[in-house]
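Participant: Here it is, the structure, as structure tokens.
Residue numbers (my numbering), protein chains in the order written: chain A, 955 to 1169; chain B, 899 to 1165.
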């Protein structure tokens, strides 16, 4: 197993993700955003919390970072895992604090959740953020889901989610007042809306799967 | 389907876990890192750490506790107590906290909520309120207290939670001053009132004594988490036992294999 790069661009719970990668068996983790170092990495993890726009701005201001990621992931096909907002930036655009162009690696856009409450006696909408443990419904098999039973619980905390033209890439979803896209994959890329680093043993299994993945 | 969260709260003073009855008579109840690990094994869905010391040194100690826990425990951690500035929020998040809970400082400086939500995202800003009935004649019937429940803030509880949401809070941790430590049940009137006023998740806190109390609170829309401290610390109620009960009541619960094994040992 070679080096895993945990991209530290100033947004995200870097320490938690790093600890979880180590617990999942990562032998060598580079934490940083130096393009020369990133270029040597075998695989990439992009965390991200907070507003998508601010994550994108931070990504774009790190000189050479996006160019290296796009070269290694889109052209060289090295494994990539985007977590939460790190997943959301992979699509075309978002609507948090106005329309904003994203990386456009995959089709789709990021919109605010509007979870409908089906219980008529309750309030019309479920609370947002979608916060807590929810079942991961698997839509199709994927290497990262190996050994993980259908409907295992993982931890979500988000107010926005990818909607629209991504279903061709969707591999798992959750139910929260409607379908919520939880996981998508294309070629060597995977994005997860939930937090595997906070999803206890299920998350550890998924990260171990990612570390062993050779797409 | 989203599962209600069972949340043990660890009050930490000088690096040790304590819990008071009605916020007084604190009794030492153990090592926070060990306790957190044990709760993780029992299937806690989230853990709240509350630093109740007021000193600078204690805050440094808290950061190392958070760091140590985040290295070993892979469930969400919320940390509060003495959070006064955006830098405090940043330090806790960097140490490994997923959410930061703000109480008195937000009352003194509501702009802190807006600034922290803008910088770090609403999802990591929990506003904790200590609410109680008193003679202040607020429209809602509930006042907000600050400084661990020791001072009147002069604010109406309902107005305050609405303002907190507008400013970008991602969650409300609502503690009842009247019920805390009494084990007679959560303050359902307070929770129902808050739940109707905001559209962010609410954690019920203060008053849990029996398993039925948890299901009562979780039936209120928007109450997606229930918090207790001494009940769990002193082994009066085990989390796997509580989850099994709530599941029997028809609530979806996260049941881990490890917790199931522990529960069968308890039985």
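Where is the CB? At the ideal position from N, CA and C, for every residue including glycine.
Taking only runs that begin and end inside the stretch 1081–1157 of chain A, name each unbroken beta strand (DSSP E) of 3 or more residues, in chain order.
Facilitator: 1084–1092, 1106–1112, 1114–1117, 1124–1129, 1133–1140 and 1143–1146
Participant: Rounded to whole angstroms, what is the Cα-Cα separation between residue 967/A and residue 1035/B?
Facilitator: By one-based count along the first chain, residue 967/A stands at place 13. By one-based count along the second chain, residue 1035/B stands at place 137. Each residue's Cα considered, the two are about 43 Å apart.
Participant: Quick one: what does DSSP say residue 950/B is sitting in, helix, strand or coil?
Facilitator: Within the second chain, residue 950/B is the residue found at index 52, counting from 1. If DSSP states are grouped into helix, strand and coil, residue 950/B belongs with coil.
Participant: Residue 1102/B lies in the beta strand (DSSP E); which residues open and close that run?
Facilitator: For the purposes of this step, residue 1102/B is taken as residue 204 along the second chain, with counting starting at 1. Looking at the DSSP string, the run of the beta strand (DSSP E) that includes residue 1102/B is 1100–1103.
Participant: Do residue 971/A and residue 1151/A have their CB atoms nearer than 8 Å?
Facilitator: Along the first chain, read from residue 1 onward, the residue named residue 971/A stands at position 17. Along the first chain, read from residue 1 onward, the residue named residue 1151/A stands at position 197. Closer than 8 Å, so yes.
Participant: Answer yes or no: the CB of residue 1012/A versus the heavy atoms of the ligand NAP, is any distance below 7 Å?
Facilitator: Absent from the structure shown: the ligand NAP. Ligands present: none.
Participant: Applying a beta-carbon distance threshold of less than 9 Å, which residues of chain A neighbour residue 901/B?
Facilitator: Against the second chain, residue 901/B aligns to sequence position 3. Result: 1086, 1087, 1088, 1089 and 1107.
Participant: Along the chain, where does the alpha helix (DSSP H) that runs through residue 1118/B open and close?
Facilitator: Along the second chain, read from residue 1 onward, the residue named residue 1118/B stands at position 220. First-last for residue 1118/B: undefined, no H or E at that position.
Participant: Do three or more CB pairs link the stretch 1134–1151 of chain A to the stretch 1117–1126 of chain B at distances below 8 Å?
Facilitator: Here the stretch 1134–1151 of chain A makes no contact with the stretch 1117–1126 of chain B; the two share fewer than three CB pairs at distances below 8 Å.
Participant: Would you report the Cα separation of residue 1162/A and residue 992/A, rounded to the nearest angstrom?
Facilitator: By 1-based counting over the first chain, the position of residue 1162/A is 208. By 1-based counting over the first chain, the position of residue 992/A is 38. Distance between the alpha carbons of residue 1162/A and residue 992/A is about 20 Å.
Participant: In the DSSP assignment, what are the bridge partners of residue 1074/B?
Facilitator: Against the second chain, residue 1074/B aligns to sequence position 176. Paired residue(s): 1029/B.
Participant: Count the other C-beta atoms from every protein chain shown that fall within 10 angstroms of the C-beta of residue 1014/A, then say buried if there are 16 or more, exposed otherwise.
Facilitator: Position 60 of the first chain, counted from the first residue, corresponds to residue 1014/A. Per the 10 Å Cβ criterion, exposed.
Participant: Given a threshold of 16 other Cβ atoms within 10 Å of its Cβ, counted over all protein chains shown, does residue 954/B qualify as buried or as exposed?
Facilitator: For the purposes of this step, residue 954/B is identified with residue 56 of the second chain, where counting begins at 1. Flag for residue 954/B reads exposed.
Participant: Since I believe residue 905/B is in contact with residue 1098/B (beta carbons under 8 Å), could you give me their beta-carbon distance rounded to a whole number of angstroms?
Facilitator: Within the second chain, numbered from 1, the residue matching residue 1098/B stands at position 200. Within the second chain, numbered from 1, the residue matching residue 905/B stands at position 7. Between residue 905/B and residue 1098/B the Cβ distance is about 16 Å, and since that is not below 8 Å, they are no contact.
Participant: Going by C-alpha distance, which of 1073/B, 1027/B and 979/B is nearest residue 956/B?
Facilitator: For the purposes of this step, residue 956/B is taken as residue 58 along the second chain, with counting starting at 1. For residue 956/B, the nearest C-alpha among the options comes from 979/B.
Participant: Taking only beta-carbon atoms, is residue 935/B less than 8 Å away from chain A?
Facilitator: The residue given as residue 935/B occupies position 37 in the second chain. Residue 935/B does not count as touching chain A.
Participant: How many Å lie between residue 948/B and residue 1095/A at the Cα?
Facilitator: In the second chain, the residue the question calls residue 948/B occupies position 50. In the first chain, the residue the question calls residue 1095/A occupies position 141. So the alpha carbons of these two residues sit roughly 41 Å apart.
Participant: Here's a check: name, in chain order, each residue in its chain whose Cβ is nearer than 7 Å to the Cβ of residue 1031/B, leaving out the five neighbours to either side.
Facilitator: Here residue 1031/B refers to the residue found at position 133 when the second chain is read from its first residue. Closer than 7 Å at the Cβ level, and outside the excluded window around residue 1031/B, lie 1039, 1040 and 1076.
Participant: Grab me the residues of residue 1001/A's own chain with a C-beta within less than 6 Å of its C-beta, minus the 5 sequence neighbours each way, in chain order.
Facilitator: As a first step, residue 1001/A is located in the first chain; it is residue number 47 there, counting from the start. The beta carbon of residue 1001/A sits closer than 6 Å to those of 966, 971, 1037 and 1040, all from its chain and outside the five residues before and after it, given in chain order.
Participant: Are the stretch 1016–1023 of chain B and the stretch 1066–1075 of chain B in contact at 8 Å, needing three or more beta carbon pairs?
Facilitator: Enough Cβ pairs lie closer than 8 Å, so yes.
Participant: Relative to chain A, which residues along the stretch 1014–1040 of chain B have a C-beta separation below 7 Å, given in chain order?
Facilitator: If the cut-off is 7 Å between Cβ atoms, the stretch 1014–1040 of chain B has 1018, 1019, 1020, 1021 and 1022 near chain A.
Participant: Establish whether the CB of residue 980/A and some CB of chain B are separated by less than 8 Å.
Facilitator: For the purposes of this step, residue 980/A is taken as residue 26 along the first chain, with counting starting at 1. No, no contact with chain B.
Participant: If you scan the stretch 964–1024 of chain A from start to end, which runs of the beta strand (DSSP E) of 3 or more residues do you find wholly inside it?
Facilitator: 983–986 and 997–1000
Participant: Spell out a yes or no on whether the stretch 993–1000 of chain B and the stretch 966–979 of chain B are touching, meaning 3 or more CB-CB pairs, one atom from each, closer than 8 Å.
Facilitator: yes
Participant: Name the two residues that bound the continuous alpha helix (DSSP H) containing residue 942/B.
Facilitator: Against the second chain, residue 942/B aligns to sequence position 44. Where residue 942/B is concerned, there is no enclosing alpha helix (DSSP H), given that its DSSP letter is neither H nor E.
Participant: Which of helix, strand or coil does DSSP assign to residue 962/A?
Facilitator: The residue labelled residue 962/A in the question sits at position 8 within the first chain. Note: residue 962/A maps to coil in three-state DSSP.
Participant: So which residues on chain A does residue 1154/B lean against when the C-beta distance must stay under 8 Å?
Facilitator: Your numbering for residue 1154/B matches position 256 in the second chain. What residue 1154/B touches in chain A: 1154 and 1155.
Participant: How should residue 1160/A be labelled, buried or exposed, when 16 other C-beta atoms within 10 angstroms of its C-beta is the threshold for buried?
Facilitator: Translated into the one-based positions of the first chain, residue 1160/A becomes position 206. Residue 1160/A is buried by the Cβ-count criterion.
Participant: With distances taken from CA atoms, which of 1062/B, 1052/B, 931/B and 939/B is nearest residue 966/B?
Facilitator: Sequence index remark: in the second chain, residue 966/B carries index 68 (1-based). Of the listed residues, the one whose Cα sits closest to residue 966/B is 931/B.
Participant: Would you say residue 913/B and residue 963/B are within 8 Å of each other, going by their C-beta atoms?
Facilitator: Reading the second chain from its first residue, position 15 is the one you call residue 913/B. Reading the second chain from its first residue, position 65 is the one you call residue 963/B. Yes, these two residues count as a Cβ contact at 8 Å.
Participant: Taking just the CA atoms, how far does residue 987/B sit from residue 1083/B?
Facilitator: Numbered from 1 along the second chain, position 185 holds the residue referred to as residue 1083/B. Numbered from 1 along the second chain, position 89 holds the residue referred to as residue 987/B. Approximately 32 Å, taken between the alpha carbons.
Participant: How do the stretch 1055–1064 of chain A and the stretch 1084–1095 of chain A stand: do at least 3 beta-carbon pairs fall below 8 Å, yes or no?
Facilitator: no
Participant: Provide the residue span of the beta strand (DSSP E) that contains residue 977/B, from first to last.
Facilitator: Position 79 of the second chain, counted from the first residue, corresponds to residue 977/B. 975–978 is the extent of the beta strand (DSSP E) around residue 977/B.
Participant: Can you tell me where the alpha helix (DSSP H) with residue 986/B in it begins and where it stops?
Facilitator: Stepping through the second chain from its first residue, residue 986/B is reached at position 88. Note, residue 986/B: alpha helix (DSSP H), 984–993.
Participant: Distance check for residue 1012/A and residue 1005/A, CA to CA, integer angstroms please.
Facilitator: In the first chain, residue 1005/A corresponds to position 51, counting from 1. In the first chain, residue 1012/A corresponds to position 58, counting from 1. Looking at the two C-alpha atoms, the distance is approximately 11 Å.
Participant: Entirely within the stretch 1050–1074 of chain B and at least 4 residues each: give me those alpha helix (DSSP H) ranges in chain order.
Facilitator: Along the length of the stretch 1050–1074 of chain B, whole alpha helix (DSSP H) runs at least 4 residues long occupy 1055–1065, reported in chain order.
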